[in-house]
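First to last, the protein sequences are chains A and B.
Everything in the first sequence is counted per this note's numbering, starting at 10 for the first residue and increasing by one.
Everything in the second sequence is counted per this note's numbering, starting at 2 for the first residue and increasing by one.
Glycine included, each C-beta is placed from N, C-alpha and C at the ideal position.
These numbers were taken from a predicted model, which means no experiment stands behind them.
Contents: one structure, followed by commentary.
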Amino acid sequence: MSSVPIWLIVLIKAIIVLFVVITVFAYSMLAERKVMGWMQLRPGPNRVGPWGLLQPAADAVKMMFKEDLTPETADPLIYRLAPFISLICAMGTFAIIPFSANKDGSLWAVGNVNAGILLVFCMTSIGVYGISLAGWASGSKFPLLGSVRSTAQMISYELAMSMSVIGVLILAGSTALSDIVNAQYRVWFIIPQLVGFVIYLITAIAETNRAPFDLVEAETELVGGFHTEYSGLRFGLFFIAEYLNMITVSCLATLLFLGGWNGPFGLPSFGLLGLLWFIIKAGFFLFFYIWLRSTLPRFRYDRLMAFGWKVLLPVATLNLILTAVAVAVWPTHV
Amino acid sequence: MIAFWILALLMIASAVFTVTAKKPVYSVVGLLANFVCLAALYLELQAEFLAVIQIVVYSGAILILFVFVIALLSSGVRPFDVGPNRAPHILYPAIVIAVLALAGMTVSALRTPVAVVQLPVGQTGDANAFGSVGNFGTALFTTNLLPFEVTAFILMVAVIGVVLIAGDEDPTTGVVRRRKRPGAREPIVKSEPTIR
Numbered sequence: 010m011s012s013v014p015i016w017l018i019v020l021i022k023a024i025i026v027l028f029v030v031i032t033v034f035a036y037s038m039l040a041e042r043k044v045m046g047w048m049q050l051r052p053g054p055n056r057v058g059p060w061g062l063l064q065p066a067a068d069a070v071k072m073m074f075k076e077d078l079t080p081e082t083a084d085p086l087i088y089r090l091a092p093f094i095s096l097i098c099a100m101g102t103f104a105i106i107p108f109s110a111n112k113d114g115s116l117w118a119v120g121n122v123n124a125g126i127l128l129v130f131c132m133t134s135i136g137v138y139g140i141s142l143a144g145w146a147s148g149s150k151f152p153l154l155g156s157v158r159s160t161a162q163m164i165s166y167e168l169a170m171s172m173s174v175i176g177v178l179i180l181a182g183s184t185a186l187s188d189i190v191n192a193q194y195r196v197w198f199i200i201p202q203l204v205g206f207v208i209y210l211i212t213a214i215a216e217t218n219r220a221p222f223d224l225v226e227a228e229t230e231l232v233g234g235f236h237t238e239y240s241g242l243r244f245g246l247f248f249i250a251e252y253l254n255m256i257t258v259s260c261l262a263t264l265l266f267l268g269g270w271n272g273p274f275g276l277p278s279f280g281l282l283g284l285l286w287f288i289i290k291a292g293f294f295l296f297f298y299i300w301l302r303s304t305l306p307r308f309r310y311d312r313l314m315a316f317g318w319k320v321l322l323p324v325a326t327l328n329l330i331l332t333a334v335a336v337a338v339w340p341t342h343v
Numbered sequence: 002m003i004a005f006w007i008l009a010l011l012m013i014a015s016a017v018f019t020v021t022a023k024k025p026v027y028s029v030v031g032l033l034a035n036f037v038c039l040a041a042l043y044l045e046l047q048a049e050f051l052a053v054i055q056i057v058v059y060s061g062a063i064l065i066l067f068v069f070v071i072a073l074l075s076s077g078v079r080p081f082d083v084g085p086n087r088a089p090h091i092l093y094p095a096i097v098i099a100v101l102a103l104a105g106m107t108v109s110a111l112r113t114p115v116a117v118v119q120l121p122v123g124q125t126g127d128a129n130a131f132g133s134v135g136n137f138g139t140a141l142f143t144t145n146l147l148p149f150e151v152t153a154f155i156l157m158v159a160v161i162g163v164v165l166i167a168g169d170e171d172p173t174t175g176v177v178r179r180r181k182r183p184g185a186r187e188p189i190v191k192s193e194p195t196i197r
């Protein structure tokens, strides 16, 4: 291995992760339509291939051959730039997410960064620009309203999200995702950090603009929100970014609260077995998302903001303070 | 070193773009590019935590509010009406100040003896490497505790001030109302009550 230059290894890893993630995106989209179909007592897509398994390919082809429209009132440069900001930020987070580890501790990840979790927050905070600039640049009122909503919503919920995660960082004593997972070898952080976990789940849904917090694209009031004017592949980029963000927060929930690639009850798991655990846990969260979407009605916007600022943020802060005190009093309990 | 020059040139280019762009949103995008380059520059200097904070705080929180305000104020993509160009009046003073500043920096740089300081640079993943989260926190809460606390206090004062100015809450309905100042006109656009 020493003869292979490190950039080549990273490049190969990145390409593998890219393909895997895009495949997971395609089939989580299909899974969403299927599961929602079953929950609403209808079959879901079943025409393209057996059980509709080729539906994502058909959708991709459809997206690519659709006409790419730019409204006359739009700002052409930013209108074209915005989907790429969204997608790059959504993709970028996968560079630092470890999926499993070998027995000697080396990670199955493109890169292991010391400030891992913070870098993920960096990416999500820049990802907001994709949506807000897209809404502004479309040059009509529904996208603008959608983007203003999304900006306010994502900034507000980002605060509570960070607060809920800091509790985990205190327990693990590190910001590197690998250290956080290793610290959960015996006890998953969902047990000492149950409050943080619940807040993380709620805020993660709001961060990814999914139902019941999808006011950004509320079709009953805003037509399609920020992507009303987008069509063809540019809309596809936003679509991919939304699902990738969903996968990212599922992976993060797994890493931060469910012990990552560790098996339950301290069972040792490395390599492929660890990857299997990781996929099961992250897949559960993806299912949970779909489940919520077909179960809950959309929030009202002022309720959403009030809930974020007056309930989630104070509770997350309280949880953080209690965690800090507990760690200070019993420094060796983890 | 190559990375430094690329980033430096990119930063200057994006800064010039920020200042000269006709549309405010273009300026924001330029500034965003500038911040990202600056964060990359910090990363190159091993200041990992500073780079992250640069992006989360400045790009993620402050700059996005600029977009927010611009989107609300100029809800078309039409640029603001450009007033008379005031650049000629300030051009010559600006050049003089820039040359003086550059000269001052050059003189002070030449008079300082060149010393290569060996920083305790660690490997990635080393929690106590220079510029890492652990190191940064230790410095913040031991040697620089007082400035840190004072800054926090000042920011708190600012936050309380903003809340006071922005309005007060009706205890019965929970609706935030703007305080009426004597002689103030009714706002033309009703402000969204919950966005603060």
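I'd like to know if C98 (chain A) contacts chain B, where contact means its C-beta is closer than 7 Å to some C-beta of that chain.
Chain B contact via Cβ: absent.
Any beta-carbon of chain B closer than 7 Å to the one on W301 (chain A)?
According to the sequence provided, residue 301 (chain A) is Leu. The question's Trp does not apply to it. Using a CB distance cut-off of 7 Å, L301 (chain A) does not count as an interface residue toward chain B.
Would you be able to state if there are at least three C-beta pairs under 8 Å between the segment 39-54 of chain A and the segment 206-213 of chain A?
Contact between the segment 206-213 of chain A and the segment 39-54 of chain A is absent, because fewer than three Cβ pairs lie under 8 Å.
Given this structure, state the Cα-to-Cα distance separating K23 (chain B) from L32 (chain B), to the nearest angstrom.
Answer to the nearest angstrom: the Cα atoms are 14 Å apart.
Limits of the alpha helix (DSSP H) - the one that P201 (chain B) falls within:
Residue 201 (chain B) falls outside the range modelled here, since chain B spans only 2 to 197, and no answer is possible.
Would you kindly work out how many angstroms separate the C-alpha atoms of E9 (chain A) and F137 (chain B), rounded to a whole number?
What is shown of chain A runs 10 to 343, which leaves residue 9 (chain A) out entirely.
Could you name the residues that DSSP lists as bridge partners for A104 (chain A)?
For A104 (chain A), which the question treats as bridged, DSSP gives no partner whatsoever.
Endpoints, the alpha helix (DSSP H) within which Q162 (chain A) is located:
Here the alpha helix (DSSP H) through Q162 (chain A) covers K150 to A181.
Return the residue from the list A:R219, A:W318 and A:K43 that minimises the CA-CA distance to L301 (chain A).
A check of alpha carbon separations from L301 (chain A) across A:R219, A:W318 and A:K43 identifies A:R219 as the nearest.
Taking three-plus beta-carbon pairs below 8 Å as touching, is the segment 147-156 of chain A in contact with the segment 286-297 of chain A?
These segments do not touch.
Rounded separation between F74 (chain A) and G241 (chain A) - CA only:
If I take the Cα positions, the gap works out to 7 Å.
Counting only beta-carbon separations shorter than 7 Å, does T217 (chain A) have a partner in chain B?
T217 (chain A) does not count as touching chain B.
Backbone CA spacing between L331 (chain A) and A104 (chain B) [nearest angstrom]:
Whole-angstrom Cα-Cα distance: 54 Å.
List the residues of chain A that V163 (chain B) touches, going by C-beta distances under 8 Å, in chain order.
Under the 8 Å cutoff, chain A gives no residues; its nearest Cβ is about 14 Å from V163 (chain B).
Under 7 Å from the C-beta of P118 (chain A): neighbouring residues of chain B:
The displayed chain sequence assigns Ala, not Pro, to residue 118 (chain A). Per Cβ cutoff of 7 Å: no residues; A118 (chain A) is ~11 Å from chain B at best.
As a quick exercise: from A:Q193, A:L313 and A:G182, pick the residue whose alpha carbon is nearest that of W270 (chain A).
Per the Cα distances, A:Q193.
Buried/exposed call for G280 (chain A), threshold 16 Cβ in 10 Å
Exposed, by the Cβ-count rule.
Interfacial residues, the segment 49-66 of chain B to chain A, with Cβ spacing under 7 Å:
Only those residues of the segment 49-66 of chain B whose C-beta falls short of 7 Å from the nearest C-beta of chain A are listed: E49, F50, V53, I56, V57, S60, G61, A62 and I65.
From the DSSP output, in three-state form, read off L116 (chain A) for me.
Three-state result, L116 (chain A): strand.
Mapping the DSSP letters down to three states, classify A153 (chain B) as helix, strand or coil.
If DSSP states are grouped into helix, strand and coil, A153 (chain B) belongs with the helices.
Measuring alpha carbon to alpha carbon, tell me which of A:P52, A:T102 and A:M72 ends up nearest L253 (chain A).
Measuring from the Cα of L253 (chain A), the nearest candidate turns out to be A:T102.
Which whole runs of the alpha helix (DSSP H) in the segment 304-340 of chain A are 4 residues long or more, in chain order?
Segments of the alpha helix (DSSP H) lying fully in the segment 304-340 of chain A: 310-315 and 322-338.
Please identify, using Cβ separations under 8 Å, the residues of the segment 85-114 of chain A that lie next to chain B, in order along the chain.
Those residues of the segment 85-114 of chain A that come within reach of chain B (Cβ to Cβ, closer than 8 Å) are L86, I87 and L90.
Identify the contact partners of F130 (chain A) in chain B, using a Cβ-Cβ distance below 9 Å as the criterion.
At a beta-carbon threshold of 9 Å, the residues of chain B lying near F130 (chain A) are V53, I56, V57 and G61, ordered along the chain.
Pick from B:P25, B:S15, B:A34 and B:A41: whose alpha carbon is nearest that of F5 (chain B)?
Among B:P25, B:S15, B:A34 and B:A41, the Cα nearest to that of F5 (chain B) is on B:A41.
Under 7 Å between the Cβ atoms of T184 (chain A) and I126 (chain A)?
Yes.
If the criterion is Cβ atoms closer than 7 Å, does the pair F206 (chain A) and I199 (chain A) meet it?
With a cutoff of 7 Å on beta-carbon distance, F206 (chain A) and I199 (chain A) are scored as near each other.
Cβ-heavy atom distance, V207 (chain A) to the ligand PLP, below 6 Å
Ligands in the displayed structure: none, and consequently the ligand PLP is not present.
Starting from Y239 (chain A), trace the alpha helix (DSSP H) both ways and give me its first and last residue.
That residue, Y239 (chain A), is in no alpha helix (DSSP H); it is neither H nor E in DSSP.
Any contact between the segment 318-328 of chain A and the segment 169-181 of chain A? By contact I mean 3 or more CB pairs, one from each, below 8 Å.
The way I'd put it, the segment 318-328 of chain A does touch the segment 169-181 of chain A; three or more beta-carbon pairs between them come closer than 8 Å.
Does the beta carbon of A72 (chain B) come closer than 7 Å to any beta carbon on chain A?
Interface flag for A72 (chain B) against chain A is set, since a Cβ pair is found closer than 7 Å.
Could you give the distance in angstroms between the alpha-carbon of G120 (chain A) and the alpha-carbon of K71 (chain A)?
Put simply, the backbone Cα of G120 (chain A) is about 35 Å away from that of K71 (chain A).
Below 7 Å between beta carbons: does that hold for L20 (chain A) and A91 (chain A)?
No, they are not a contact pair.
Would you call the segment 104-118 of chain A in contact with the segment 259-270 of chain A, where contact means no fewer than 3 C-beta pairs closer than 8 Å?
When C-beta atoms of the segment 104-118 of chain A are compared with those of the segment 259-270 of chain A, three or more pairs fall below 8 Å, so the two segments count as touching.
For a quick check, are the C-beta atoms of A35 (chain A) and P65 (chain A) less than 7 Å apart?
In this structure, P65 (chain A) lies closer than 7 Å to A35 (chain A) by Cβ.
Outcome for G162 (chain B) when other beta-carbon atoms lying within 10 angstroms are tallied against a minimum of 16:
G162 (chain B) comes out exposed.
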